[in-house]
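**Student:** Would you mind keeping the following structure in view while I ask a few things?
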Amino acid sequence: MAFKIFQRGGSAPADSRPAAPAAPGAGCLLCGEPQGGAGAGPASCALCGRSGPVAERCRSGHAVCAACLGGPAREVVERTCAASVERDPVAIAERLTRHAVLRLLPEDHDLLVPAALAAAWSNVRGEGGLRAVRVREAAGRMPPPGRPRHDGEGAASGAGAFVSLVAGWSGRADPALAEQAAARASALIGRGDDALCPSRNALVAILATARLAREKLGTEMPAHGVACERAGKNPTCIGSACPFNRT
Ligand SMILES: [Zn+2]
Ligand SMILES: [Zn+2]
């Protein structure tokens with residue numbers, strides 16, 4: 008099966024779907040700490056940098072404005088990944104899957120694959136100054152919301168999209184490597200008649216791509232993440248067969 012590696016330039020069309028309210032206990036988008044930090048006054052938003060009223064502040068002091076928290080899923084994903092300083096792409100993506108904004112459609116989860124990988128790649132290589140532009144470029148390779156696709160296909164395509172970009176960033180352009188990345192991610196995700204958990208699909212695709220980046224591109228991204236907090240709650244959860252189920 009050939010995988011379509013999305014090649015559109017620029018950002019995808021704006022997603023007009025409103026974000027769902029943040030779930031209680033979802034934690035800070037940037038560090039995962041509980042909300043409820045001291046100080047309700049104006050501050051600089053950790054996601055967009057604008058100064059103004061704070062909608063949420065975590066115990067580590069990260070403040071996020073209402074525009075960022077209430078924006079469309081695609082914008083929240085892009086802004087959060089662009090502001091994330093972690094080296095573990097699974098950790099970045101997993102934190103976003105906890106947020107209510109991503110509990111809508113599978114393509115929101117698919118977008119996490121290239122965006123979180125682009126952020127972690129930049130951080131691991133000490134190129135944080137390029138992180139935001141790379142995240143936007145990587146996310147722009149994904150199709151706009153609403154395009155029908157099969158389970159796991161979007162996440163696998165996200166892996167291919169990231170590798171096609173990163174091969175160019177590192178001066179090792181190799182079109183075949185992008186196809187290989189998508190195929191590896193798809194194989195690890197698995198396919199079948201049953202619906203698969205979109206969070207798992209995205210995290211598995213990221214794991215597969217981090218491994219490929221180490222083997223083929225010489226860049227080691229730690230990809231451990233944390234245990235899934237929704238184990239058994241999602242109707243498509245496959246329990247202990249999922250690498251993120253650590254109960
Ligand atoms: Zn925080
Ligand atoms: Zn903001």
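Numbers given in the numbering used here equal positions in the sequence shown, counted from 1, plus 7.
Backbone N, C-alpha and C define an ideal beta-carbon position, used for all residues, glycine too.
1) Can you check whether the CB of His116 is closer than 9 Å to the CB of Ala166?
2) Can you find at least 3 beta carbon pairs, one from the stretch 83–102 and one from the stretch 126–139, that sit closer than 8 Å?
3) Excluding the 5 residues preceding and the 5 following Ala123 in the sequence, name in chain order all residues of the same chain whose CB lies nearer than 7 Å to its CB.
4) Smallest Cα separation from Trp255: which of Arg218, Glu222, Met149 and Trp128?
5) Would you check if the stretch 225–240 and the stretch 181–195 touch, i.e. whether three or more CB-CB distances between them fall below 8 Å?
6) Quick one: Cα of Ile196 to Cα of Ala188, how far?
7) Let's test the definition: count the other Cβ atoms within 10 Å of the Cβ of Ser51 and tell me whether it reaches 16, buried, or not, exposed.
8) Put Val92 into one of helix, strand or coil per three-state DSSP.
9) Rounded to whole angstroms, what is the Cα-Cα separation between Cys72 and Gly59?
10) What is the rounded straight-line gap between the Cα of Cys249 and the Cα of Gly48?
11) Roughly how many angstroms lie between the CA atoms of Thr104 and Ser206, to the nearest whole one?
12) Please state whether DSSP places Cys75 in a helix, a strand or coil.
13) Looking at the structure shown, is Gly56 part of a helix, part of a strand, or coil, going by DSSP?
14) Excluding the five sequence neighbours on either side, which residues of its own chain have a C-beta within less than 6 Å of the C-beta of Asp200, listed in chain order?
15) What are the start and end residues of each continuous alpha helix (DSSP H) run of 4 or more residues lying completely inside the stretch 126–185, in chain order?
16) Which whole-angstrom value describes the C-beta separation of Thr226 and Phe169, a residue pair presumed to lie in contact below a C-beta threshold of 8 Å?
17) I'd like the list of long-range same chain contacts for Ser265, defined as Cβ closer than 6 Å, with 5 residues on each side in sequence excluded.
18) Whole angstroms is fine: what's the gap from Asn241's alpha carbon to Val120's?
19) Measuring straight from C-alpha to C-alpha, what distance separates Glu6 and Gly232?
20) Taking just the CA atoms, how far does Ser171 sit from Ala183?
21) Check each candidate in Pro79, Asn130, Ala126 and Arg94 and name the one with the smallest Cα separation from His106.
22) Closest by CA to Arg211, which one among Gly178, Ala230, Glu82 and Ala220?
23) Whole angstroms are fine: how far does the CA of Ala126 sit from the CA of Glu134?
**Tutor:** Answer, in terms of the structure:
1) No, the pair does not count as a contact, with Cβ atoms beyond the cut-off.
2) yes
3) Counting only Cβ-Cβ distances below 7 Å, and skipping sequence neighbours, we find Cys88, Pro96, Ile99, Ala100 and Ile213.
4) Outside the shown range of the chain, which is 8 to 254, sits residue 255, and nothing can be said about it.
5) Contact between the stretch 181–195 and the stretch 225–240 is absent, because fewer than three Cβ pairs lie under 8 Å.
6) 12 Å
7) exposed
8) coil
9) 7 Å
10) 42 Å
11) If you take the alpha carbons of Thr104 and Ser206, they lie about 7 Å apart.
12) helix
13) coil
14) Any reading at Asp200 needs caution, since the residue's pLDDT is 43, under 50, leaving its predicted position unreliable; the model's value is listed next. Here the set comprises nothing.
15) 138–146 and 160–176
16) Not confirmed; about 12 Å, so no contact.
17) No information on residue 265 is available, as it lies outside the stretch 8 to 254 that the chain covers here.
18) Rounded to the nearest whole angstrom, the CA to CA distance from Asn241 to Val120 is 20 Å.
19) No answer is possible for residue 6: the residues shown for the chain start at 8 and end at 254.
20) 9 Å
21) Pro79
22) Just to set this straight, residue 211 is Val in the shown sequence, not Arg. Nearest C-alpha to Val211: Ala230.
23) 9 Å
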